[in-house]
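Engineer:
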Amino acid sequence: MSFAAEVKQEVAQKIMEGNDIRAELSALIQMTSSLSLSSRGMTLLVSLENAAVSRTIYRLVKERYGVEISLFVKRKMNLRKNRIYGMRIMSAAPKILEDLGIYSTRGLLDKPLAKIVQTNNNARAYLAGAFMAGGSINSPEKSSYHLEITATSEEHALFMASLLERFNIHAKITTRRKKVILYVKSAEKIADFLRLIEADQAVLKFENIRISRDFSNSLQRMNNMDLANEVKAVAAASGQLEDIRILEENQRVETLDRKLQDIIALRKANPEASLMELCGIYERQTGEIVSKSGMKHRFVKLHELAMKEVKQDE
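Start counting the sequence shown at 184; every next residue gets the next number (the numbering used here).
Below you can see the structure in the form of structure tokens.
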């Protein structure tokens, strides 16, 4: 089961009450249903691929409206594993849609009436329904974080974005294959959304995997930095040893002051040590404290003297 399916299954098991049921059902019906007219009247046809969400719609419609519902299951063409779970509501369809705030005498509305999401709890319930009906989320084990909800129209996407803004979750809107998509890519905000729709187990799983992966990435970056620093230290030491070789060949070492002679001996005895390591060794040997910048300054002086010898030889 995908992570998105796990989230939907968890949210589908939540028990709503009062107008929160209406808000959740408003999103579920709007995003999974269509209307048809016949000589027998108006029929509401609901169809979706998720069995758990289908059961939730059936339960909520039964609890709130007590109407007869005809159920059916069919397979998608050429896709053996994908089933479509559907239901037909033939009686009181207009009444149900009006109660859900998504129908008027002009037909289905692009977004529900304001009363449907009057409170923050109503808004949370609506967003939970919207995610169950048209949502998707990447597994936290993947390299990129992504949560999206497919809206029924641009107006519907803007409406859901405004609901998310109530909870300080900033979503973007795009169009993909003629569908309007509302999406969030911030890991922190995706976790906030999962909390918002009360997918508590999903939040724990998401955060645990995310923290573990981010820690591993940070550790890898630190290892890379350590390796880069080590390469730099080796390159610097190699250059310093070359400077010392030039000074020795030109018999200049004996003419240098004691401090420079000391670090020449120190570097030759410790050809792979970093500047900080040389500072520690120098302090233990002489009792004199030398800072990293002080040690670097002495090697710079040696380099300048070595370059003078090279120019003279030319």
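The C-beta atom is built at its ideal place from N, Cα and C for all residues, glycine as well.
How is the beta strand (DSSP E) around Lys151 delimited, first residue to last?
Structural biologist: There is simply no residue 151 to check, as the chain begins at 184 and stops at 497 in what is shown.
Engineer: Taking Lys368 as the reference, which of Asp426, Leu330 and Gln301 has the closest Cα?
Structural biologist: Cα-wise, what sits closest to Lys368 is Leu330.
Engineer: How many angstroms separate the CA atom of Ala416 from the CA atom of Glu431?
Structural biologist: Whole-angstrom Cα-Cα distance: 22 angstroms.
Engineer: Would Asp426 and His486 be called neighbours here (beta carbons separated by less than 7 angstroms)?
Structural biologist: Yes, they are a contact pair.
Engineer: Looking at the structure shown, is Ser369 part of a helix, part of a strand, or coil, going by DSSP?
Structural biologist: Residue state, collapsed to three classes: coil.
Engineer: Tell me whether Lys494 is buried or exposed, calling it buried when 16 or more other Cβ atoms sit within 10 Å of its Cβ.
Structural biologist: That one is exposed.
Engineer: Take Lys451 as the anchor and find which of Met199, Tyr465 and Lys475 has the nearest alpha-carbon.
Structural biologist: Here the closest residue by C-alpha is Tyr465.
Engineer: Between Tyr309 and Val300, how many whole angstroms is the CB-CB distance? I'm expecting something under 8 angstroms.
Structural biologist: Confirmed, Cβ separation roughly 5 angstroms.
Engineer: By the three-class DSSP mapping on this structure, what secondary structure does Ser474 have?
Structural biologist: Coil, per DSSP.
Engineer: Check each candidate in Thr239, Thr226, Val436 and Gly224 and name the one with the smallest Cα separation from Ala311.
Structural biologist: Of Thr239, Thr226, Val436 and Gly224, the residue nearest in Cα terms is Thr239.
Engineer: Does the Cβ-Cβ distance between Leu379 and Phe350 come in under 7 angstroms?
Structural biologist: Cβ distance < 7 angstroms, so Leu379 and Phe350 count as in contact.
Engineer: Which one of Val363, Leu296 and Ala370 has the shortest CA to CA distance from Ser500?
Structural biologist: Nothing about residue 500 can be reported from this structure: the residues present for the chain run from 184 to 497 only.
Engineer: Grouping DSSP H, G and I as helix and E and B as strand, with all else coil, what is Ser327?
Structural biologist: Three-state result, Ser327: coil.
Engineer: Quick one, are the C-beta atoms of Ile204 and Leu228 less than 7 angstroms apart?
Structural biologist: No. Outside cutoff.
Engineer: Keeping to the same chain, check which residues put their C-beta closer than 8 angstroms to that of Gln423; ignore five residues upstream and five downstream.
Structural biologist: Contacts found: Arg450, Phe482, Leu485 and His486.
Engineer: Here's the rule I'm using: 16 or more other beta-carbon atoms within 10 Å means buried, otherwise exposed. How should Ala195 be labelled?
Structural biologist: It is buried - the Cβ of Ala195 has at least 16 other Cβ atoms within 10 Å.
Engineer: What span of residues does the alpha helix (DSSP H) with Leu439 cover, start to end?
Structural biologist: First-last for Leu439: undefined, no H or E at that position.
Engineer: Assuming contact is defined by CB atoms lying nearer than 7 angstroms, are Glu193 and Ala382 in contact in what I supplied?
Structural biologist: Their beta carbons are under 7 angstroms apart, which means Glu193 touches Ala382 by this criterion.
Engineer: Would you list the one or two residues that DSSP bridges to Arg271?
Structural biologist: Paired residue(s): Leu228 and Ser253.
Engineer: Per DSSP, what kind of secondary structure is Ala334 in: helix, strand or coil?
Structural biologist: If DSSP states are grouped into helix, strand and coil, Ala334 belongs with the strands.
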